[in-house]
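Peer 1: My numbering applies: residue 172 is where the sequence shown begins, and numbers increase by one. Please see the structure below; I have some questions.
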Amino acid sequence: AISSLRPSLQSPSKSAKMVRSTRALVAALLAAPAAAILRVPLTKHELNFEETADALNLGAQKWESRLTTGGSSVVIDDYMNAQYYGEVQVGTPGQSEMVVFDTGSANLWVPNKKPLFTSHKTYDHSKSSTYVKNGTTFAIQYGSGPVSGVFSADTVSIGGLQLKDYTFAEVDKTSGLGLGYRFGKFDGILGLGWDSISVGHVKTPMHALVESGELPKPIFAFYLGNNQPGELVFGDVDSAHYTGEFTFVPLNSETYWQVSLDGVKVNSDSVSKTKIAIVDSGTSLLAGPKDEIASIATKLGAKSVMGKEYTIDCSKKDYTLSFTLAGKDYTLAASDLILQQSGQQCILGLMGIDVPAPRGPLWILGDVFMRKYYVQFDWGNKRLGFADAKQAEAQLVV
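So, in structure tokens, the structure goes:
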């Protein structure tokens, strides 16, 4: 995912203009004729026990880099732990790209060159009749190498809706993405974060979708059902994917999808003093401050492996982990927290990260949380909505 948690990059006048622009867009949208919601099927990439362990290690490095990088530098994740991705079309005629829909970043990028011996789909602007050259450099530094390319404009189709003359990045250097990208099942990233973290300050995909006037409502929602096909919808929620009513929590920052965290509990015992949580579709697990994760692991009888991931006896099922948001507990059972099984050992979907103030400390609620709760990302009202997701019986991958 892409990071640059820097509200100071925009002057107060620009921020005020953005607020007025957003309000105008929402007002225009509410006055527009009814339109159909957009549906994007999500494919889940199953990981085995070893791949899951590796993913947790990389996930810890990713978030620590993402949120502790200073200055104007930006970090992009290698996404080895990204499990859900879907299709978009770029150009005319449309060229298919599989992308990770990532609420922790705010740009669309696709490759125009693939690494040797890989099967990635690439974008070739010479084959598109609607391509418009931009040429501005798109450059990000990650780990041992760069990720770079140029901004271009073309028609981008998301769930059947065409965004004409949309500015995105076509990437030709991906060495900084590491082996996770070379062997990954996705081609690019489509960020669903806010304008303030958009690299190059280009219009974000969600901003463009709302501005099109084609969405019934300025929202999107993820369904990441266990043992069922996932789905991302734009423009409304799908009642087939949840039960009960939504409970809404206001955002406390328009960067990532960030809310205030009232507390974290193991069974009935408080285990956290952290006050910030981020909901992130590009992370497969739950992450919190290292000392809090270690305390939780001790309470559960879990053991640390290589200082990152935790394993627990699979027969132990007498515990819950709850997150309190806006006064309401969102509880995960033992079965919700287990990612993989090897013999009698199970990997917990937890990892420790330490993010210093003012950005941290914080918790990240990734796919482990989003499989249990259907999440509505309300762009228009700047809030998150949570409802119980309809689920099939979860299956462990051994």
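Ideal Cβ placement from N, Cα and C applies to all residues, glycine included.
Among Tyr294, Ala411 and Asp440, which one has its Cα closest to the Cα of Lys561?
Peer 2: Checked all of Tyr294, Ala411 and Asp440; the closest Cα to Lys561 is Ala411.
Peer 1: Whether or not the region 297 to 304 and the region 355 to 375 are in contact is what I'm after, with contact meaning three or more pairs of Cβ atoms, one per stretch, closer than 8 angstroms; do they touch?
Peer 2: Segments in contact, no.
Peer 1: Please name the residue, chosen from Phe288, Gln515, Lys474 and Ala448, that lies closest to Tyr352 on a Cα-to-Cα basis.
Peer 2: For Tyr352, the nearest C-alpha among the options comes from Phe288.
Peer 1: Rounded to whole angstroms, what's the CA-CA distance from Pro389 to Gly472? Just pull it up for me.
Peer 2: The straight-line gap from Cα to Cα measures roughly 44 angstroms.
Peer 1: Taking only three categories from DSSP, how would you classify Leu361?
Peer 2: Here Leu361 sits in strand by DSSP.
Peer 1: What is the C-beta distance between Leu395 and Arg542, in whole angstroms, given that I count them as a contact (C-beta under 8 angstroms)?
Peer 2: Their Cβ separation, rounded to whole angstroms, is 5 angstroms, which keeps Leu395 and Arg542 in contact under 8 angstroms.
Peer 1: For Asn283, which residues in the same chain have their Cβ closer than 8 angstroms to its Cβ, ignoring the five residues on either side in sequence?
Peer 2: Answer for Asn283: Thr293, Tyr294, Asp295, His296, Gly320, Glu341, Val342 and Asp343, listed in chain order.
Peer 1: Quick check: the Cα distance between Gly406 and Gln515, rounded to an integer number of angstroms?
Peer 2: In a straight line, the C-alpha of Gly406 is about 44 angstroms away from that of Gln515.
Peer 1: Check whether the Cβ atoms of Tyr481 and Leu519 lie closer than 8 angstroms to each other.
Peer 2: Yes, the pair counts as a contact, with Cβ atoms nearer than the cut-off.
Peer 1: For Tyr352, which three-state DSSP category applies?
Peer 2: In the structure shown, Tyr352 sits in a helix (DSSP, three-state: H, G or I).
Peer 1: In or out: Gly384 buried (at least 16 other Cβ within 10 Å) or exposed?
Peer 2: Gly384 is exposed by the Cβ-count criterion.
Peer 1: Answer with buried or exposed for Glu416, where buried requires no fewer than 16 other C-beta atoms within 10 angstroms of its C-beta.
Peer 2: Counting Cβ neighbours within 10 Å, Glu416 comes out exposed, since fewer than 16 surround it.
Peer 1: Would you list the residues sitting across from Ile518 in a DSSP beta bridge?
Peer 2: Ile518 is bridged to Thr482 and Gln511.
Peer 1: CA-CA distance, Phe571 and Leu555?
Peer 2: What the structure shows of the chain is the stretch from 172 to 569, and residue 571 is not part of that stretch, so it cannot be assessed.
Peer 1: Say whether the region 424 to 431 touches the region 446 to 460, bearing in mind that this needs 3 or more beta-carbon pairs closer than 8 angstroms, one atom from each stretch.
Peer 2: The answer is yes - the region 446 to 460 touches the region 424 to 431, with three or more Cβ pairs under 8 angstroms.
Peer 1: From the DSSP output, in three-state form, read off Gly257 for me.
Peer 2: In this structure, Gly257 counts as strand in the three-state DSSP scheme.
Peer 1: Can you tell me whether DSSP reads Gly401 as helix, strand or coil?
Peer 2: Gly401 falls in the strand class under three-state DSSP.
Peer 1: Measuring alpha carbon to alpha carbon, tell me which residue in Leu209, Phe322, Gly331 and Lys446 is nearest Val281.
Peer 2: Here the closest residue by C-alpha is Phe322.
Peer 1: According to DSSP, is Pro421 helix, strand or coil?
Peer 2: Correct three-state label for Pro421: strand.
Peer 1: Could you give the residue range of the beta strand (DSSP E) that holds Arg554?
Peer 2: Segment Arg554 to Ala560, the beta strand (DSSP E) holding Arg554.
Peer 1: Would you kindly check if the distance between the Cβ of Thr307 and the Cβ of Gly371 is under 8 angstroms?
Peer 2: Their beta carbons are under 8 angstroms apart, which means Gly371 touches Thr307 by this criterion.
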